[in-house]
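Our numbering applies: residue 58 is where the sequence shown begins, and numbers increase by one. Note that beta-carbon positions come from the ideal geometry of N, C-alpha and C, so glycine has one too. Heads up: the structure comes next, in structure tokens.
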Amino acid sequence: MKKLTRLFSFSGRVKRAKFLQFVPLALILWLAAAWVDETWLAPNLCEINEDWICYLPGEVREGITLDMIVFALLIVPFFALAVRRVHDHDRSGLWALLGLPFILVLAAFLYFPEWGVSYTHMAVAAAIFLPLLYWILRKGSKEPNRYG
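In structure tokens form, the structure reads like this:
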């Protein structure tokens with residue numbers, strides 16, 4: 058339980074390996090939620106209540122889906138680990154906010170196609186994300202710093 062609560066902690070430092078372990082697990086969890094939503098939840102919504110927004114697998118989705126909820130829930134641990142990863146380089150956790158445009162544009166691209174998010178938007182958001190990605194992938198300092 059301590060490790061689970063540590064995912065939501067914004068203080069201290071985290072090693073590169075811990076962050077890189079979280080990313081594939083989060084991706085697998087998100088893809089599993091999308092699969093469950095597409096194969097089990099979506100086709101059965103019409104049978105439960107005709108007024109609910111339902112869709113068949115492969116159709117355009119409307120409303121809130123399970124993978125949207127999982128995506129939203131995984132944002133907090135991602136930013137908590139990103140803040141702690143930036144702390145490992147003796148930098149303020151505010152630098153982790155460089156990941157916010159990328160996450161928002163990615164969510165808009167995946168879940169709200171009617172907003173017209175283009176690949177140009179994705180490229181600009183990715184360029185803003187690059188310094189954070191550098192600090193996430195770079196080896197941290199071994200000496201103690203002001204964050205731990």
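Can you determine whether any heavy atom of the ligand MG sits closer than 7 Å to the C-beta of Ser198, and answer yes or no?
With respect to the ligand MG, the structure offers nothing, as it holds no ligand at all.
Can you tell me which of Ile193, Val140, Asp145 puts its alpha carbon nearest to the alpha carbon of Lys199?
Position 142 of the sequence shown, counted from the first residue, corresponds to residue 199. Minimum Cα distance to Lys199 is reached at Asp145.
How many whole angstroms separate the CB atoms of Leu82 and Leu123, which I take to be in contact at a CB cut-off of 8 Å?
On the sequence shown, position 25 is the one that residue 82 refers to. On the sequence shown, position 66 is the one that residue 123 refers to. The pair is not a contact, with the Cβ atoms about 17 Å apart (cut-off 8 Å).
With a threshold of 16 other CB atoms inside 10 Å of the CB of Phe128, please say whether the residue is buried or exposed.
For the purposes of this step, residue 128 is identified with residue 71 of the sequence shown, where counting begins at 1. By the 10 Å Cβ count, Phe128 comes out buried.
Return the chain-ordered list of same chain residues with a C-beta closer than 7 Å to the C-beta of Arg203, the five sequence neighbours on each side being excluded.
The sequence position of residue 203 within the sequence shown is 146, counting from 1. If you ignore the 5 residues before and after Arg203, its C-beta comes within less than 7 Å of the C-beta of Asp147, all in its own chain and listed in chain order.
Pair within 8 Å by beta-carbon distance, Phe207 and Arg141
It is not possible to answer for residue 207, since the shown part of the chain is limited to 58 through 205.
Here's the rule I'm using: 16 or more other beta-carbon atoms within 10 Å means buried, otherwise exposed. How should Glu171 be labelled?
Within the sequence shown, the letter at position 114 stands for residue 171. By the neighbour-count rule (16 or more Cβ atoms within 10 Å), Glu171 is not buried but exposed.
Span separating the alpha-carbon of His178 from that of Leu155:
In the sequence shown, the residue the question calls residue 178 occupies position 121. In the sequence shown, the residue the question calls residue 155 occupies position 98. Those two C-alpha atoms are separated by around 15 Å.
In terms of residue numbering, what span does the alpha helix (DSSP H) encompassing Val143 cover?
Locating residue 143 in the sequence shown gives position 86, counting from the first residue. Taken as a continuous stretch (DSSP letters only), the alpha helix (DSSP H) holding Val143 covers 123-144.
In angstroms, rounded to a whole number, what distance separates the CA positions of Leu189 and Met58?
Translated into the one-based positions of the sequence shown, residue 189 becomes position 132. Translated into the one-based positions of the sequence shown, residue 58 becomes position 1. Going by the C-alpha atoms only, they are around 28 Å apart.
May I ask you to report which of helix, strand or coil DSSP gives Asp94?
Within the sequence shown, residue 94 is the residue found at index 37, counting from 1. Here Asp94 sits in helix by DSSP.
Taking all protein chains shown into account, do 16 or more other C-beta atoms lie within 10 angstroms of the C-beta of Ile193, making it buried, or fewer, making it exposed?
One-based indexing of the sequence shown puts residue 193 at position 136. Taking a 10 Å sphere around the C-beta of Ile193, we find 16 or more other C-beta atoms and assign the residue as buried.
Pick from Phe169, Lys196, Ala184, Val71 that is closest to Phe159, judged by C-alpha positions:
Position 102 of the sequence shown, counted from the first residue, corresponds to residue 159. Ranking Phe169, Lys196, Ala184, Val71 by Cα distance to Phe159 puts Ala184 first.
Closest residue to Leu88 among Phe76, Met125, Arg70 (Cα-Cα distance):
Looking up residue 88 in the sequence shown gives position 31. The shortest Cα separation from Leu88 among Phe76, Met125, Arg70 belongs to Met125.
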